[in-house]
Amino acid sequence: MQIRKSIDKISDYVPGKNVDDLSPSVSIARDKIVKLSSNENPYPPSTKVIDAIVNYANKVNYYPDPHSKRLYGAISAYLNIPVDNIYVNAGVDGVLDTLMKVFIDCNDKVMIPIPTFTYYELTAIAHGAIPVSVTMDENFFISAEDILDNVDDRTKIIFLCSPNNPTGNIYPEKELFKVLDGFNGAVILDEAYAEFANQNYTGLINEYDNIIVLRTLSKAFGIAGMRVGYAILPEKIKKACLKVSTPFAVSYLSIEAAYAALNDLEYINYTIQKIKEGRDYLQENIPFKTYPSYANFVLVDVSPFKSSFILDELAKRGFIVRDCSSFRGMGDKFIRVSVGREEDNVRLVDAFNNILKIF
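Counting along the sequence shown from 1, when you hit position 322 you're at 1499 in our numbering, and nothing is skipped either side.
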């Protein structure tokens, strides 16, 4: 057997650490450690979600509805977008993999402003594309001109993430329009964190035929473990996605959990508000430079320390955060802190202050 040579070019995806990843030297009981490394909702799923999982658990001997009609209907109602413009898969990652199948021929190019979510590059290479990156400035901004100056007739996709992971900033509307107007290929706009920014560009599919907006239920909706993501896209692109999709990609329980979450917006909006308040608290009280964030996390410049050092020191104090050195273009001075529950945010700030007192 021979593995494709291009696979050697793919770096391993680096997720946020879990409790089990901690060094044995961390003496704190594992059930006392707070995980703030993966931008999950720190609050449990709504009771409607839990009830749905329990009530449908005895159905998992059957395949789910291959068309996920109930889930598509719930997303349609949530965003006021026709079902014909919605495509669902197993997380945004699953949506991205399908879009690569739809758009990419071998040696096509994709444009990726960095730093950003690393899976764009990984899935592009896996599907035969050549990633071209342009680095943002010191404030994590990149102009439409800088992006468009680096595309050519082989560029099939431009990736934009707003709010951007790991920096937390949003991409200016006027720059987005310039990109859409100046590029004939697909502009994939990742809005995984949109609910925390009061941002919604999904309606742009009525104005542009080259935009695809990605959304997820892993962040604001609090069901990351169920793996449900979706795209808002032109109908012809949806039809192409369905041709190359993995059958039954979204599990029975995931469909029902997502449907329940979308039908409990009162609870979802409550957790979003709590997370926004926690975000403001962390930005104002972490004793290092923080960057304005429109997501459910805060980017922290821990200079003069290295990110790995602060990561280890926080772990000793019961917190797991994200070392941003695995994001291309970030260097070794940044960490990303997911917003936790109120009491955890207070303890985290205390931990930061304790580190500075000692060192």
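Ideal Cβ placement from N, Cα and C applies to all residues, glycine included.
Give the DSSP-derived three-state secondary structure of Cys1283 in the structure shown.
Under the three-state reduction of DSSP output, Cys1283 falls in the coil class, being neither helix nor strand.
Just the Cα atoms here: how many angstroms apart are Thr1332 and Leu1533?
Roughly 47 Å between the two C-alpha positions.
Per-residue burial, Cys1283 [other beta carbons within 10 Å of its own, 16 or more giving buried]:
With fewer than 16 other Cβ atoms within 10 Å, it is exposed.
Compute the Euclidean distance between the alpha carbons of Val1237 and Ala1426, then round it to the nearest angstrom.
If I take the Cα positions, the gap works out to 14 Å.
Once DSSP output is grouped into helix, strand and coil, what is the label at Asn1387?
Of the three classes helix, strand and coil, the one that applies to Asn1387 here is coil, per DSSP.
Quick check: Ala1528 and Arg1494, are their CB atoms within less than 8 Å of each other?
Result yes, Cβ atoms of Ala1528 and Arg1494 sit closer than 8 Å.
Can you tell which of Asn1387, Ala1267, Lys1186 and Asn1216 has the C-alpha that lies nearest to the C-alpha of Ser1428?
Closest option to Ser1428, judged by alpha-carbon separation, among Asn1387, Ala1267, Lys1186 and Asn1216: Ala1267.
How about Phe1474 and Ile1445: are their beta carbons less than 8 Å apart?
If you check the CB distance, Phe1474 and Ile1445 do not come in under 8 Å.
Just to confirm, is the Cβ distance from Gly1517 to Leu1213 under 8 Å?
Yes, Cβ-Cβ distance for Gly1517 and Leu1213 is below 8 Å.
Under the three-state DSSP convention, the category Thr1467 falls into:
Three-state DSSP puts Thr1467 in a strand.
Close beta carbons around Met1313, own chain, < 8 Å, minus the five adjacent residues each side
Sequence-distant partners of Met1313 (beyond 5 residues in either direction) whose C-beta falls short of 8 Å from its own C-beta, in its chain, are Pro1290, Ile1291, Pro1292, Ile1319, Thr1344 and Gly1506.
Do the stretch 1203-1211 and the stretch 1407-1424 make contact, defined as three or more Cβ pairs closer than 8 Å?
Result no; under three Cβ-Cβ pairs closer than 8 Å.
Counting along the chain, where does the alpha helix (DSSP H) carrying Cys1418 start and finish?
Element bounds for Cys1418: Glu1412 to Val1421.
Specify the secondary structure class of Thr1300 as computed by DSSP and reduced to three states.
The answer is helix: DSSP assigns Thr1300 an H, G or I state.
Where does Leu1337 sit, in a helix, a strand or coil, going by DSSP?
Strand at Leu1337.
Within 10 angstroms of its Cβ, does Ser1485 collect 16 or more other Cβ (buried), or is it exposed?
With fewer than 16 other CB atoms across the displayed protein chains lying within 10 angstroms of its CB, Ser1485 is exposed.
Pick helix, strand or coil for Thr1448, following the three-state DSSP scheme.
DSSP places Thr1448 within a helical segment (H, G or I) once states are collapsed to three.
Name the DSSP beta bridge partners of Gly1406, please?
DSSP, once it has assigned bridges, lists Asn1266 and Thr1393 as partnering Gly1406.
Spatial neighbours of Phe1465 within its chain, please: C-beta separation below 8 Å, excluding the five flanking residues on both sides.
Contacts found: Val1477, Asp1478, Val1479, Ser1480 and Phe1529.
Spatially closest choice to Glu1217 from Val1390, Phe1373 and Glu1443, by CA coordinates:
Measuring from the Cα of Glu1217, the nearest candidate turns out to be Phe1373.
According to the neighbour-count rule (16 or more other Cβ atoms, all chains shown, within 10 Å of its Cβ), is Thr1224 buried or exposed?
By the Cβ neighbour-count rule, Thr1224 is exposed, with fewer than 16 other Cβ atoms within 10 Å of its own.
Pick out whichever of Leu1381, Asn1195 and Tyr1233 has its Cα sitting closest to the Cα of Ala1437.
Considering only Leu1381, Asn1195 and Tyr1233, the residue with the shortest C-alpha distance to Ala1437 is Tyr1233.
Would you give the residue range spanned by the alpha helix (DSSP H) that Ser1310 belongs to?
That residue, Ser1310, is in no alpha helix (DSSP H); its beta strand (DSSP E) goes Ile1307 to Thr1312.
In this structure, how does DSSP classify Val1260 when only helix, strand and coil are distinguished?
The three-state reading of DSSP puts Val1260 in helix, counting H, G and I together.
Can the beta-carbon of Tyr1190 be found closer than 8 Å to that of Ile1347?
It is not a contact, given that the beta carbons lie outside the stated cut-off.
By the 10 Å Cβ neighbour count, where 16 or more other Cβ atoms means buried, how is Met1403 classified, buried or exposed?
Flag for Met1403 reads buried.
Apply the 10 Å Cβ neighbour rule to Phe1536 and answer buried if 16 or more other Cβ atoms are within range, or exposed otherwise.
With fewer than 16 Cβ atoms within 10 Å of its Cβ, Phe1536 is classed as exposed.
For His1304, count neighbouring Cβ atoms within 10 angstroms of its own Cβ and tell me buried if that reaches 16, exposed if not.
His1304 should be labelled buried.
If you compare alpha carbons, which of Leu1491, Asn1257, Gly1193 and Phe1280 is closest to Phe1294?
Put simply, of Leu1491, Asn1257, Gly1193 and Phe1280 the residue whose alpha carbon is nearest the alpha carbon of Phe1294 is Gly1193.
Through-space distance from Asp1521 to Val1390, alpha-carbon basis:
Their Cα atoms are separated by approximately 33 Å.
Who are the Cβ neighbours of Ala1435 in its own chain at under 6 Å, not counting the five residues just before and after it?
Contacts found: Leu1248, Leu1394 and Val1405.
Where Lys1186 and Phe1354 are concerned, what is the direct C-alpha to C-alpha distance, given to the nearest angstrom?
About 33 Å.
Whose CA, out of Asp1358, Gln1179, Val1311 and Lys1396, lies closest to the CA of Leu1439?
Distance from the Cα of Leu1439 is smallest, within the candidate group Asp1358, Gln1179, Val1311 and Lys1396, for Lys1396.
For Lys1416, count neighbouring Cβ atoms within 10 angstroms of its own Cβ and tell me buried if that reaches 16, exposed if not.
Of the residues assessed, Lys1416 falls on the exposed side of the cut-off, its CB having fewer than 16 other CB atoms within 10 angstroms.
Measure how close the beta-carbons of Tyr1168 and Tyr1370 come, nearest whole angstrom, since I'm counting them as under 8 Å.
Coverage of the chain is limited to positions 1178 through 1536, which leaves residue 1168 absent and any answer about it impossible.
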